[in-house]
Amino acid sequence: MGHLCLLWRLVRLVLVELPICLLIATLIWTIIDNLTIGADRLVVLGTTGAAAFAAILFFAYRLSRKPSDAHGSAAFATTGDIRSAGLRSRGVILGKRGGRFIRFGKPGHLLTFAPTRSGKGIGVVIPNLLDHPGSVVVTDIKGENYRITARHRGSLGPVHAFAPFDPGIESASYNAVEFIRAGTVNDVDDARLIAEMIVAPEGHEPNHWEQEARVLVTGLLLHIALDMPPHRRNLRELRVLLMRSREKFDAVLAHMGDSKHPIVQRIADGFSQKEAKERSAVISTAQTRTAVFDSPQLAAITNHSTFRLEDLKNGVMSIFLIVPPEYATVYQPFLRLMVGLTTAAMTRNKRVPRHPVLFLLDELPTLGSMRPIEDGIGYLAGYGAHLWLFVQDLDQLQSTYRKWRSMIANCAVRQAFNVQDNDTAQLLSAMLGKRTIPVTSCGKSGRLPFLTFASTYSEHQSEIGRPLLAPSEIMLLPESCQLLFVQGCRPILAQKLRYFEERAFKGRWSPWRMEAAEDDPGALISAGMMK
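If you're matching positions, the sequence shown starts at 1 in full-length UniProt numbering and goes up one per residue.
If you want it as C-alpha cells, here you go:
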C-alpha cells in the first residue's frame, strides 16, 4: 500500500497542485505584462483571477489546518510558559533555559531520578548549597559537598558536619536521648520515634520481631532518659543494656518495673511475660539494629550535643551527614536517626522561617523506609521545610517505600536526567503525556483492464496520539539535558548545571580534589587541574 500511496500523491501533484501553481504564476505574469487592459481581455483576466483566488484559498486552507487535541495536547514549555509560571525569580535552582536559571520558590517538595555518576552533585546539590540562603540538611556520603561549600555556608551561619571517620573534619555531636522531652506528655512519642529510626524494617513494613524490638527499645530509651544519671543518658548505654547477660537483663527489667513512668513499667512487665524463645528473638533483633553503637567513633559523637536541632528554624544552620560509602550500609541506623530527628524538629518548632529549611537527601533508599519522610511529604511544607529526595531509578523507590506512587504525586517538582532504565523512562513518558498528530492513509477500489493502478484512489486524513517523548527517546536524551515537571507548568526540557561554570557562584566554592577525581571532571576543575 505504501508505494501506491506514493504514486497517488505523485499523480495529485502533477494533475492538480502543479497546474494550480502554474495558474497562479500565469496570473501574476499577466498582470505585470498587461498594465493597460482592454474590455475584451478583462473578462479573461477576471476569470483567471477568480480561479487563482480560489486556488489560493484552497492552499491556505490546507496549510492552516491544525490537528485537534482529541488524543492529547502535550507540549514542552516555552520560555514564556516558564516565566508565567514564576520559575525565574526566586527559590531553589533546578537547571537552566535560555541562559537563565530555572527556580522553584513555592511550598512543596522535590524528587530527582538520576543514576550514579550523572552529575547530581555538580548540577543540583552544590549549586543549591551555594545559593540557598536558609538552613540545609545534607546527606553527603563522599564529603565532597561539605568541602566545596563549607566556607560559603559558614558565612551564612554555623556549620555542623558529622564526620566520625574523617580526621580532616572536626565532627559535630548530637545526643539523640536529649531529643526526648523527659517528664512531659511527649516523652513516649519522642522515644518511639528514635526506636523506629534505629530498628529499621527489612521490607516496606516492620515484621513482628521488629515491632516488638521497637517497643523494647522505646522502653529502654525512656528508662535511660528518666532513671539514669546524666553521664549515662546516651545511645551507647542503650547498647550496653541490650548486651547484658540474661540474668543482668532481668535485673534491668526489674528496675524498669519500679520506674515512676507508667509506660516504662508497662513495657517491662509485658516483656517479662513473654516466653523465653520470643524474648530471645526480640532481644536479638534489637541487638542487631544497635550494633552500630559499638563503634568508638560513633559513640564519641552521640554522647553529647553541640547544637539544637530546633535551631534550624531559628537561624541559618548547615548540617552535613558524612559517612564513607563503604560504611553507609553499616551506619544506616545513625543516618536514619539524624534525618528522622531533623524532620521531626520541623514540627516541634512551630516557627516558619524566612527561608525554608532545605533537606538534600542524596541516595535516599540507602536510608531504608522512613515514615517521617513518607508521611512528611504530605505536611512538612507547611512547617517551612522542603524535602529534596534523590533516587537512582523508579525500582529503588518502589522497593523501599510502599506509598511510592503517593510520594511521586505529592512532590511539586519531579526532575530526571541520564535515565538508563526502561521502567523509569516509561513513567516519565507517561508523565509527559501525548500529542495529537495527523496521519494520512490511502485506499483503492476497482481496476480498469488496461491500467496497472487502481481506477479509484482515495486519501484519508486522520489523527492519532503519540507520546511527547517515547521511553527510548528519553533514554537517548543528551547528557546535558534534563526533564522537569513543575506544578502549574508544562514539562520543561532544560539544561543541567555545572556549578564551576556559573559566574553567579564565582568566589563561593572552594577548590577540592577528591581521591577519585579522575572519574569526575568537575572535581578536577575545582582543583584547578583542568582548564
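For each residue, glycine too, the CB sits at the ideal point set by N, CA and C.
Just so it is clear, the structure is predicted and the values come from calculations on it, not from any experiment.
Per DSSP, what kind of secondary structure is residue i in: helix, strand or coil?
| i | result |
| --- | --- |
| GLY95 | strand |
| PHE359 | strand |
| TRP209 | helix |
| MET188 | Met is not the amino acid found at residue 188; the sequence shown has Val there. Helix at VAL188. |
| SER526 | In this prediction, SER526 scores a pLDDT of 46, lower than 50, which makes its location untrustworthy; the coordinate-derived value is nonetheless stated afterwards. Three-state DSSP puts SER526 in a helix. |
| VAL419 | coil |
| SER295 | coil |
| ALA281 | helix |
| VAL177 | helix |
| SER318 | strand |
| THR436 | strand |
| LEU35 | Note that LEU35 scores a pLDDT of 49, beneath 50, so its modelled location is shaky and nothing firm can be said. |
| PRO511 | coil |
| LEU312 | helix |
| ALA328 | coil |
| THR116 | coil |
| ILE492 | strand |
| ARG498 | coil |
| GLN273 | coil |
| PRO353 | coil |
| residue 553 | Because the chain is modelled from 1 through 531, residue 553 falls outside the range shown and cannot be assessed. |
| ARG466 | strand |
| ALA381 | helix |
| PHE334 | helix |
| ALA412 | strand |
| VAL199 | coil |
| THR139 | strand |
Taking the alpha carbon of residue i as the reference point, which residue from the options has its own alpha carbon closest?
| i | options | result |
| --- | --- | --- |
| VAL264 | GLU237, GLU275, VAL252 | VAL252 |
| ILE122 | TYR146, TYR379, ALA409 | TYR146 |
| LEU242 | SER259, VAL292, GLU275 | VAL292 |
| PRO296 | LYS96, PRO164, ARG83, SER399 | PRO164 |
| HIS231 | THR302, HIS261, ASP269 | THR302 |
| SER175 | SER406, LEU341, LEU493, LEU220 | Correcting the residue type first, residue 175 is Asn in the shown sequence and not Ser. Of SER406, LEU341, LEU493, LEU220, the residue nearest in Cα terms is LEU341. |
| residue 543 | ALA416, PRO471, ALA430, ILE492 | The structure shown has nothing for residue 543, since the chain only spans 1 to 531. |
| GLU501 | LYS96, THR78, SER173 | LYS96 |
| GLU202 | LEU87, GLY80, ASP131, GLN332 | GLN332 |
| ASP81 | TYR499, GLY507, ARG490, ARG498 | ARG490 |
| TYR383 | ARG498, SER318, PRO356 | PRO356 |
| LEU476 | PHE179, PHE505, VAL92, ASN418 | ASN418 |
| ASP250 | ASP269, ASN207, HIS261, GLY105 | ASP269 |
| ARG214 | PRO167, LYS277, PRO262, GLN287 | GLN287 |
| PHE179 | ARG498, THR306, THR285, SER135 | THR306 |
| LYS506 | ARG336, LEU220, HIS152, ARG100 | HIS152 |
Is the Cβ-Cβ distance between residue i and residue j less than 9 Å?
| i | j | result |
| --- | --- | --- |
| ILE169 | THR149 | no |
| HIS386 | PRO107 | yes |
| LEU309 | HIS109 | no |
| PHE113 | PHE320 | no |
| VAL217 | LEU358 | no |
| ARG103 | SER89 | yes |
| LEU380 | MET338 | no |
| LEU130 | TRP509 | yes |
| LEU94 | ALA412 | no |
| LEU428 | LEU469 | yes |
| VAL177 | ARG233 | yes |
| THR116 | GLU210 | no |
| THR366 | ALA409 | no |
By the 10 Å Cβ neighbour count, where 16 or more other Cβ atoms means buried, how is residue i classified, buried or exposed?
| i | result |
| --- | --- |
| LYS120 | buried |
| ASP140 | buried |
| PRO511 | exposed |
| LEU448 | Residue confidence for LEU448 is low, a pLDDT of 46 falling below 50, so the modelled location carries little weight and cannot support an answer. |
| LYS496 | buried |
| ASP362 | buried |
| LYS142 | buried |
| VAL330 | exposed |
| ARG402 | exposed |
| residue 536 | Given a span of 1 to 531 for the chain in the structure shown, any question on residue 536 remains unanswerable. |
| residue 558 | In the structure as shown, the chain begins at 1 and stops at 531. Residue 558 is therefore absent and cannot be evaluated. |
| GLN487 | exposed |
| ALA172 | buried |
| LEU451 | In this prediction, LEU451 scores a pLDDT of 49, lower than 50, which makes its location untrustworthy; the coordinate-derived value is nonetheless stated afterwards. By the 10 Å Cβ count, LEU451 comes out exposed. |
| SER318 | buried |
Does the beta carbon of residue i sit closer than 9 Å to a beta carbon anywhere in chain D?
| i | result |
| --- | --- |
| HIS109 | You won't find chain D in this structure, because it holds only one protein chain. |
Next on the checklist: For the region 73-81 against the region 424-435, do three or more pairs of beta-carbon atoms, one drawn from each stretch, fall closer than 8 Å, so that the two count as touching?
Outcome noted: Between the region 73-81 and the region 424-435, the count of Cβ pairs shorter than 8 Å is three or higher; the stretches touch.
* When the Cβ atoms of the region 305-320 are set against those of the region 348-358, are three or more pairs found closer than 8 Å? -> Touching, yes.
query: So does the region 238-246 actually touch the region 213-227, counting three or more Cβ pairs closer than 8 Å?
result: These segments touch.
(message) Does the structure place the region 272-292 close enough to the region 196-210 that three or more beta carbon pairs sit under 8 Å?
(response) Three or more beta-carbon pairs separated by less than 8 Å link the region 196-210 to the region 272-292, which places the two stretches in contact.
Using 8 Å as the threshold, is the region 186-194 in touch with the region 276-290, meaning 3 or more CB pairs across them?
-> Output reads no: the region 276-290 does not touch the region 186-194.
Determine contact between the region 414-433 and the region 390-398, defined as no fewer than three beta-carbon pairs at a distance below 8 Å.
The answer is yes - the region 390-398 touches the region 414-433, with three or more Cβ pairs under 8 Å.
Note to self: Quick check: the region 175-185 against the region 153-162, are at least 3 beta-carbon pairs closer than 8 Å?
What the structure shows: The region 153-162 vs the region 175-185: no contact.
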